[in-house]
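Numbering (UniProt numbering), first residue to last: 1 to 215.
Input: a single structure, listed below in structure tokens.
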């Protein structure tokens, strides 16, 4: 993902008197929120999953209280970042699942797309999946729901294409496959010495084998 440094000067946010927006007077200006999220992206990419709220606020040219005015608290920022980055990841995987190609090619393309996106955005991935989900229950719930929806959609595809018989078996197989890919991706991020093509080939073979074996 192309990340931009979105710096703004503090007086712009602190002096704007305007009408109070949202519950508790929290700022809800979409452009300003987008600029803060851009700043958060830049800091997380630079500093890793331990990036501080103070550093994010400084990058955006505002104070921590102003940052929280826009998102409520750090959990609100976590959820906004999850929506910004996890949604496109899920959508990319969904596109690969629905390609008009034979099953094995789609499986490889899907695995490759997932591994590519998480490895190219490693610090953001770690921030969201490790820190944000552990510190904020709502973020954990939101991300978990996205993953479960992906499993549901895969189950529907397996049934529609006759790859697995019976809805219960399709559900079990699909959610197991999604979990396997996610866990293997986590392992690979900790073992960068393993060649990308090797992990794609081996993980694809495991996915195809699991699905064919359940049919």
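Ideal Cβ placement from N, Cα and C applies to all residues, glycine included.
Rounded to whole angstroms, what is the Cα-Cα separation between residue i and residue j?
i           : j           : result
residue 201 : residue 166 : 28 Å
residue 58  : residue 122 : 22 Å
residue 103 : residue 210 : 13 Å
residue 180 : residue 208 : 12 Å
residue 178 : residue 92  : 14 Å
residue 48  : residue 125 : 9 Å
Cα-Cα, which of the options is closest to residue i?
i           : options           : result
residue 183 : 150, 80, 203, 107 : 203
residue 96  : 88, 87, 106, 89   : 106
residue 138 : 48, 124, 74, 169  : 74
residue 143 : 120, 63, 130, 157 : 130
residue 133 : 86, 154, 156      : 86
residue 153 : 94, 120, 199      : 94
Using a 10 Å radius around the Cβ and a threshold of 16 neighbouring Cβ atoms, would you call residue i buried or exposed?
i           : result
residue 145 : exposed
residue 213 : exposed
residue 151 : buried
residue 80  : buried
residue 187 : exposed
residue 174 : buried
residue 98  : exposed
residue 41  : buried
residue 160 : exposed
residue 191 : exposed
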